[in-house]
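Step one of this worksheet: look at the structure below.
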Amino acid sequence: MIITTTPNIEGKKITQYLQVIAGEAIMGANVVRDLFASITDIVGGRSGAYESKLVDAREIAMAEMAEKARRLGANAIVGVDLDYEVIRDGMLMVTVSGTAVIVE
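Using full-length UniProt numbering, read the sequence shown as starting at 1 and increasing by one per residue.
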């Protein structure tokens with residue numbers, strides 16, 4: 001499965017546009033992670049705990065989207081857009097969307 005943010009794939013011809021598809025993941029962070037992230041925010045630096053959760057959420061959302069494309073018979077997804085949101089304290093959401101296509 002080719003997944004790209006571009007509207008086309010160099011060297012490939014899109015023969016059919018199937019459907020706009022999406023994947024979502026909402027991840028909760030725990031109290032210990034929140035405490036360490038707060039300390040990191042105070043002293044500066046990166047919060048590895050939250051970065052790890054974002055990576056997990058992105059991978060889940062991408063896998064969900066790719067599975068939906070496979071079920072439609074697609075072999076690629078073009079025009080992929082990722083969006084990250086904080087829903088409420090400790091809840092991270094990643095959404096990803098794109099167009100399932102068939103390329104040759």
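Beta carbons: idealized from backbone N, C-alpha and C, even for Gly.
Open item on the list: Just list the residues that DSSP pairs Thr95 with in beta bridges.
Closed with: As a working note, residue 95 is residue 95 in the sequence shown. DSSP lists Glu24, Asp83 as partners of Thr95.
Open item on the list: Which same chain residues end up closer than 7 Å to Thr95 when comparing Cβ atoms and leaving out the 5 residues on each side of it in sequence?
Closed with: Working through the sequence shown from its first residue, we reach residue 95 at position 95. Excluding positions up to five away in sequence, the list reads Ala22, Glu24, Ala61, Asp83.
Task: Coil, strand or helix - Leu35 by DSSP - done: Along the sequence shown, one-based indexing puts residue 35 at 35. Here the model assigns Leu35 a pLDDT of 48, short of 50, so the residue's position is not dependable and the matter cannot be decided.
Task: Buried versus exposed call for Lys13 [16 or more other C-beta atoms within 10 Å across all chains shown] - done: Taking the sequence shown and counting its residues from 1, one reaches residue 13 at position 13. Exposed: under 16 other Cβ atoms inside 10 Å.
Open item on the list: Comparing C-alpha positions only, which one of Met91, Val103, Met1, Leu72 sits nearest to Lys53?
Closed with: Position 53 of the sequence shown holds residue 53. Checked all of Met91, Val103, Met1, Leu72; the closest Cα to Lys53 is Met91.
Task: CA-to-CA distance, Thr15 to Val80, given in whole angstroms - done: Position 80 of the sequence shown, counting from 1, holds the residue named residue 80. Position 15 of the sequence shown, counting from 1, holds the residue named residue 15. Rounded to whole angstroms, Val80 to Thr15 spans 18 Å at the Cα level.
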